[in-house]
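Have a look at the structure below before the remarks.
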Amino acid sequence: MTAPRVLVVGGGLAGSEAAWQLAEAGIDVVLAEMRPTRPTPVHRGDLLAELVCSNSLRGDAPTNAVGVLKTEMEALGSLIVRTARQAAVPAGGALAVDREVFARGVTTAITEHPRIIVDRREVTTLPEGPAIVATGPLTSPALHRALDVELGCEALSFFDAVAPIVAADSLDMGRLFR
């Protein structure tokens with residue numbers, strides 16, 4: 219009996235890494251990425267793992283949590299961390315990358331892997347069978363609605379990088395300055 223093919227939805231950092239890890243473990247993968255068929259407001263191209271905000275993957279020292287995570291990922295054969303190291307640019311104690319070199323490196327590795335098929339299509343419903351949904355903050359509106367229905371909520375939010383809104387009257391201007 220052969221293992222079923224796994225669908226990974228989303229070709230960002232998490233989806234690309236998940237597809238890579240599954241494929242390296244001998245599992246056939248279909249990586250569904252909606253770009254360029256359905257663009258997002260912030261992506262510029264169709265490369266996988268395209269960084270759209272900071273080019274920093276944060277701290278790299280094994281003395282902090284994100285550095286420990288990178289060390290653990292490297293021990294497990296992480297495509298993302300390996301490619302980030304190949305595309306690294308000077309950033310003090312952080313691991314920062316040349317965005318184009320990084321995304322092109324991830325895209326090449328994924329598309330050349332014999333166990334991964336990249337399917338350029340928008341997934342609009344939750345998949346049947348083995349799947350990983352790794353779409354993050356740029357989930358398409360249709361899939362977002364499907365997740366809302368499945369999870370029984372109407373305010374599902376992925377955004378973790380949005381600047382906080384602070385009420386001016388909550389600030390102690392005796393300790394702050396403009």
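Position 114 of the sequence shown, counted from 1, bears residue number 332 in our numbering, the numbering being contiguous throughout.
The C-beta atom is built at its ideal place from N, Cα and C for all residues, glycine as well.
Beta-carbon proximity list for residue i, same chain, < 7 Å, skipping 5 on both sides
{"i": "S296", "result": "E235"}
{"i": "T353", "result": "V227, G228, L361"}
Buried or exposed by the 16-neighbour rule on C-beta atoms within 10 Å, applied to residue i
{"i": "D278", "result": "buried"}
{"i": "T325", "result": "buried"}
{"i": "T255", "result": "exposed"}
{"i": "A159", "result": "As shown, the chain starts at 219 and ends at 396. That puts residue 159 outside it, with no answer to give."}
{"i": "G347", "result": "exposed"}
{"i": "L394", "result": "exposed"}
{"i": "G233", "result": "buried"}
{"i": "A267", "result": "buried"}
Straight-line gap, residue i to residue j (C-alpha atoms, nearest Å)
{"i": "P257", "j": "L365", "result": "20 Å"}
{"i": "E340", "j": "V307", "result": "33 Å"}
{"i": "D246", "j": "V224", "result": "6 Å"}
{"i": "T343", "j": "V315", "result": "34 Å"}
{"i": "R262", "j": "G392", "result": "44 Å"}
{"i": "R253", "j": "E290", "result": "30 Å"}
{"i": "V273", "j": "G310", "result": "With the sequence shown as reference, residue 273 is identified as Asn, and Val is not the correct amino acid for it. Whole-angstrom Cα-Cα distance: 13 Å."}
{"i": "I328", "j": "S358", "result": "22 Å"}
{"i": "A349", "j": "R300", "result": "25 Å"}
{"i": "H331", "j": "A293", "result": "20 Å"}
{"i": "T281", "j": "L275", "result": "15 Å"}
{"i": "V319", "j": "I298", "result": "12 Å"}
{"i": "V238", "j": "E372", "result": "The identity of residue 238 in the sequence shown is Trp, whereas the question assumes Val. Near 32 Å, if we compare the C-alpha coordinates of E372 and W238."}
{"i": "L240", "j": "A385", "result": "46 Å"}
Supposed contact pair residue j and residue i - C-beta distance, whole angstroms, cut 8 Å
{"i": "A302", "j": "L265", "result": "In fact, because the Cβ distance is near 14 Å, the residues do not count as touching under 8 Å."}
{"i": "L249", "j": "I334", "result": "6 Å"}
{"i": "G323", "j": "A305", "result": "6 Å"}
{"i": "R317", "j": "L356", "result": "Contact doesn't hold; Cβ gap of about 16 Å is too wide."}
Neighbourhood of residue i by C-beta distance below 6 Å, restricted to the same chain and skipping five residues each side
{"i": "D418", "result": "Limits of the chain in this structure are 219 at one end and 396 at the other, which puts residue 418 out of reach."}
{"i": "V367", "result": "none"}
{"i": "V351", "result": "V227"}
{"i": "G285", "result": "G277, D278, A279"}
{"i": "L287", "result": "none"}
{"i": "V260", "result": "V270"}
8 Å Cβ cutoff, residue i in contact with chain D
{"i": "L361", "result": "Here chain D cannot be found, since the structure has a single protein chain."}
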